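Undergrad: Take a look at this one; I'll ask things after.
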Amino acid sequence: MRVLITGAAGYVGRYFAAHWQPTNDLELVLADIHPLADDPRFITLDLTDAAQTRAAMENIDAVIHLAKQADEGPLEGDELNGKRFDVNVKGTFNLLEAAHAAGVKRFIFTSTVMTVLGYPAPQWVESDAPPLPVGSYALTKQLCEVMCQHYARAYGMSIVCLRIPKPIDLEHPLWKTHPLRPQWVPFPDLLQAYQKALTAEISGCEVITIVGESSNRRWDLSKAEKLLGYRPTLIPEELGYAMGTEDQPIPTEDHYA
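Heads up: the sequence shown is residues 1 to 257, going by full-length UniProt numbering.
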């Protein structure tokens with residue numbers, strides 16, 4: 001299986017590239033608008049370029065779509081600037097079009113838990129809760145979820161939309177002193193979710209929430225367990241990490257870009 005990972009030079013993509021071990025049955029094709037020069041698996045891909053996106057889909061069996069535009073204004077702000085809309089919405093449209101034309105067998109879209117962050121804490125958020133996005137970034141992701149549902153319904157594509165929070169590297173010393181947000185997810189659990197989503201028996205389009213485990217988790221993971229077999233394996237509190245609130249300030253260190 002040849003798997004195209006978009007946004008592979010980003011925070012999540014770099015972790016996946018380093019920790020997702022290839023096998024005889026799995027080959028990762030890493031794509032980014034700014035590819036890492038020291039990794040021969042990378043290709044250059046600008047998702048706003050439809051022709052380039054179609055070319056990147058040659059001989060691809062599955063897509064993991066991580067690429068996004070998140071840093072043009074605050075995530076929870078309402079500024080819907082053109083760049084964020086172009087990359088997140090138009091780029092996802094181009095990728096869905098190319099994947100459909102190429103007969104891709106599985107498409108995994110990276111959404112965000114911010115599409116349901118509008119439900120105030122400590123309210124429990126069910127797996128099938130209607131979207132209630134916070135900010136324009138979440139709005140673009142919700143629009144992409146709707147597109148994914150359309151492509152699954154209209155063309156029979158198999159699509160998994162994973163609503164994820166900010167992933168964290170618990171091995172970084174920063175987290176020994178900085179409280180964690182309860183909706184964050186440790187990288188090993190996030191990788192587990194994507195690996196399971198790649199091969200799970202799913203038809204149509206399923207939207208699934210993926211968060212980490214904590215004593216104040218309020219996101220329902222029953223759908224993730226039922227459809228993917230996903231269960232968080234790391235509980236930060238049991239490992240000595242402090243939990244904060246959902247609006248806990250986020251560090252600005254370079255490693256967290």
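Glycine residues also receive a C-beta, built at the ideal position from the N, C-alpha and C atoms. Model, not experiment: these values are computed from the prediction.
So, at 7 Å on beta carbons, what are the nonlocal neighbours of Gly-7 in its own chain, with the 5 sequence-adjacent residues on each side left out?
TA: Gly-13, Asp-32, Leu-66, Ala-67 and Lys-68
Undergrad: Quick one, are the C-beta atoms of Met-147 and Phe-93 less than 8 Å apart?
TA: yes
Undergrad: Going residue by residue through the region 135-163, where are the continuous alpha helix (DSSP H) segments of at least 4 residues, counting only ones entirely within it?
TA: 135-155
Undergrad: Label Asp-189 either buried or exposed according to how many other C-beta atoms from any shown protein chain fall within 10 Å of its C-beta, with 16 as the threshold for buried.
TA: It counts as buried.
Undergrad: Going straight from the alpha carbon of Ala-99 to that of Asp-46, what length do you get?
TA: 15 Å
Undergrad: Can you tell me where the alpha helix (DSSP H) holding Arg-14 begins and where it ends?
TA: 11-19
Undergrad: Where do the ends of the alpha helix (DSSP H) carrying His-100 lie?
TA: 91-102
Undergrad: If distances are taken between C-alpha atoms only, which option among Ser-158, Phe-16 and Thr-177 comes closest to Glu-237?
TA: Thr-177
Undergrad: So for Asp-32, helix, strand or coil by DSSP?
TA: It is a strand residue.
Undergrad: Report the CB separation of Lys-105 from Ala-62 in whole angstroms; it is logged as a contact under 8 Å.
TA: 6 Å
Undergrad: Can you check whether the CB of Ala-193 is closer than 8 Å to the CB of Leu-228?
TA: yes
Undergrad: Taking the Cβ atom as the reference point for each residue, do Pro-232 and Gly-204 lie within a distance shorter than 8 Å?
TA: no
Undergrad: Grab me the residues of Glu-97's own chain with a C-beta within less than 6 Å of its C-beta, minus the 5 sequence neighbours each way, in chain order.
TA: none
Undergrad: Ends of the alpha helix (DSSP H) at Ala-197?
TA: In the DSSP annotation of this structure, the continuous segment of the alpha helix (DSSP H) that includes Ala-197 starts and ends at 187-199.
Undergrad: Between the Cα of Leu-4 and the Cα atoms of Ala-37, His-34, Arg-41 and Tyr-11, which residue gives the shortest distance?
TA: Arg-41
Undergrad: Roughly how many angstroms separate the alpha carbons of Tyr-11 and Phe-85, rounded to a whole number?
TA: 20 Å
Undergrad: Spatial neighbours of Lys-166 within its chain, please: CB distance less than 6 Å, with the 5 preceding and 5 following residues excluded, ordered by chain position.
TA: Trp-184
Undergrad: Rounded to whole angstroms, what's the CA-CA distance from Pro-173 to Asn-24? Just pull it up for me.
TA: Whole-angstrom Cα-Cα distance: 35 Å.
Undergrad: When burial is assigned at 16 or more other CB atoms within 10 Å of the CB, is Pro-22 buried or exposed?
TA: Looking at its Cβ environment, which holds fewer than 16 other Cβ atoms inside 10 Å, Pro-22 is exposed.
Undergrad: Less than 8 Å between the CB atoms is what I'm expecting for Ser-215 and Arg-163, so what's the real figure, rounded?
TA: With 8 Å as the limit, Ser-215 and Arg-163 do not qualify as a contact, their Cβ atoms being about 21 Å apart.
Undergrad: With Thr-110 as the anchor, note down where its beta strand (DSSP E) starts and where it stops.
TA: Residues 106-112.
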